[in-house]
Amino acid sequence: MTQVYNFSSGPAVLPRDVLLTVQAELTDWHGSGMCVMEMSHRGKEFTQIIHEAEADFRKLLNIPANYKVLFIQGGAHFNFSMIPLNLATETSVVDYVDTGHWSRIAIKEARRYANVNIAASNEDRHGSYVPDEAGWKRSDNAAYLHYCSNETIGGVEFPFAPESGDTPLVCDMSSNILSRTLDVSKFGLIYAGAQKNIGPSGLNLVIVREDLLGNARVGTPTMLDYQVHAAADSLYNTPPTFGIYVAGLVFKWLLANGGVPAMEARNIEKASLLYETIDASSGFYNCPIERPFRSRMNVPFRLADEALDDAFLEAAQAHGLLQLKGHRSVGGMRASIYNAMPLEGVRVLSEFMRDFARGH
Ligand SMILES: *Cc1c(COP(=O)(O)O)cnc(C)c1O
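Structure (structure tokens):
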């Protein structure tokens, strides 16, 4: 098989070493004679797998002891409903920052359960920036403040974590968790669908401060109550066992490769290389995002001549550069360069882009 580089936004590339471990262990996990998919989620083998995954995740992000880590189903989307159901009442005001597609889906769902105040929005400049925190119009008694730290589709990333004071800070980190250092103690709740930077889809990780648990409103479905999952150590029902196993291998891979600080340094190098290629193309390519807010994970770019889009994608594909087509809502191209994308992949893409521009 020829070498390919997969720039999918999600489900996304996984570390090759992790896939090879999965392959080697597939039919016989550590001498058990079983595949992880075949094991009881309450047996001693899987208990070891989930405990190690949690311990390694805690180590990677220095998660303080007063936070629970939950492995649950339903992807990031479950949290769009769970957050207002668990952290707010019907009469609460909840503050949301709108920086793009995923912010808006979270807002739409929250409106079903609480009174949403939009504290800030970047729509005035076509979603190309993060509004300055000093100008946010926050409510006095908000139950929480929600934002999305990296807009996977738009390509806008927060270069800072907001100062929320006593208001619990809630963040959708689906597409940049573990890509940069993080002070968990600033947050009330962090959530992330696994399929960008962690593992297979269907699994969702939640980091929640313990004092925020146990307040789900009456009528909350049992499966949407964070406290139920916390009290059962993520084994209230059958969790996505294989996904947790693969996530655990990704955590071990991260630890063996210098952890989050080393990933962050590499991610800065990869993103800089790609943005420099775009900016140095004399307008052949352009990126619509204002410089300080350009995502290190998802790099959207357009060709000045859209008529070349199909030729670009075809030539890229022939070059082993896969899934570069932008989201259908914005068009153009998008290169997602998560932790598992090697620097070499970004080098090959940059070189291809320069060659394509020269040839056209
Ligand atoms: C992919 C993504 C989601 C949706 O994740 P699902 O697992 O499909 O629910 C939500 N938020 C962000 C920022 C994402 O990138």
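Under the working numbering, the residue at position 302 of the sequence shown is numbered 1223, and the numbers go up by one with no gaps.
For every residue, glycine included, the Cβ atom is placed at its ideal position computed from N, Cα and C.
For Y1147, name the three-state secondary structure that DSSP assigns.
Looking at Y1147 - three-state DSSP - the assignment turns out to be helix.
Tell me which residue opens and which closes the alpha helix (DSSP H) that M1254 is part of.
M1254 -> not in any alpha helix (DSSP H); beta strand (DSSP E) instead, spanning 1254-1257.
Can you give the beta carbon distance from G1114 to N1125, rounded, assuming they're within the 8 Å contact cut?
Contact holds; Cβ gap of about 5 Å.
Alpha carbon to alpha carbon, what distance is there between N1000 and G1169?
Looking at the two C-alpha atoms, the distance is approximately 22 Å.
How far does the alpha helix (DSSP H) with N1007 in it extend, from its first residue to its last?
Unbroken alpha helix (DSSP H) run through N1007: 996-1008.
Indicate whether at least one CB of chain D lies closer than 8 Å to the CB of D1154.
No chain D is part of this structure, which consists of one protein chain only.
Going by beta carbon distance, what residues of the same chain come within less than 6 Å of A1035, once the five residues before and after it are set aside?
Cβ within range, chain order: P1005, A1009, S1013, V1015.
Use the C-beta contact count for G1048: other C-beta atoms within 10 angstroms, 16 or more gives buried, fewer gives exposed.
So G1048 counts as buried.
Which residues in the same chain have their Cβ closer than 7 Å to the Cβ of V1282, if we skip the five residues on either side of it in sequence?
Because the chain in this structure spans residues 922 to 1281, residue 1282 falls outside the shown range and cannot be described.
Are there any heavy atoms of ligand 1 lying less than 7 Å away from the beta-carbon of Q944, as far as the coordinates show?
No, ligand 1 has no heavy atom inside 7 Å of this Cβ.
Could you tell me the alpha carbon to alpha carbon distance between F1079 and D1093, rounded to whole angstroms?
Spanning the two alpha carbons is a distance of roughly 11 Å.
If you count every other CB in all the chains shown that lies within 10 Å of the CB of G954, and 16 or more means buried, which is it?
The residue in question, G954, is exposed, as its Cβ has fewer than 16 Cβ neighbours within 10 Å.
Output the distance between the C-alpha atoms of R963 and E1185, rounded to the nearest integer angstrom.
Rounded to whole angstroms, R963 to E1185 spans 35 Å at the Cα level.
Helix, strand or coil: which one does DSSP assign to Y1206?
Three-state result, Y1206: strand.
Using a Cβ-based criterion (distance less than 7 Å to any ligand heavy atom), does Q924 qualify as near ligand 1?
Q924 Cβ: outside cutoff for every heavy atom of ligand 1.
Could you check which residue in L1175, L1176, R1223, R1187 has the C-alpha nearest to that of T1198?
Looking at the Cα atoms, R1223 is the closest of the given residues.
Mind checking which residues open and close the beta strand (DSSP E) that includes N1219?
Counting along the chain, the beta strand (DSSP E) containing N1219 begins and ends at 1219-1224.
Considering only the alpha carbon of each residue, which of M1254, E1044, H1248, M1218 lies closest to L896?
Since the first residue of the chain shown is 922 and the last is 1281, residue 896 is not available in this structure.
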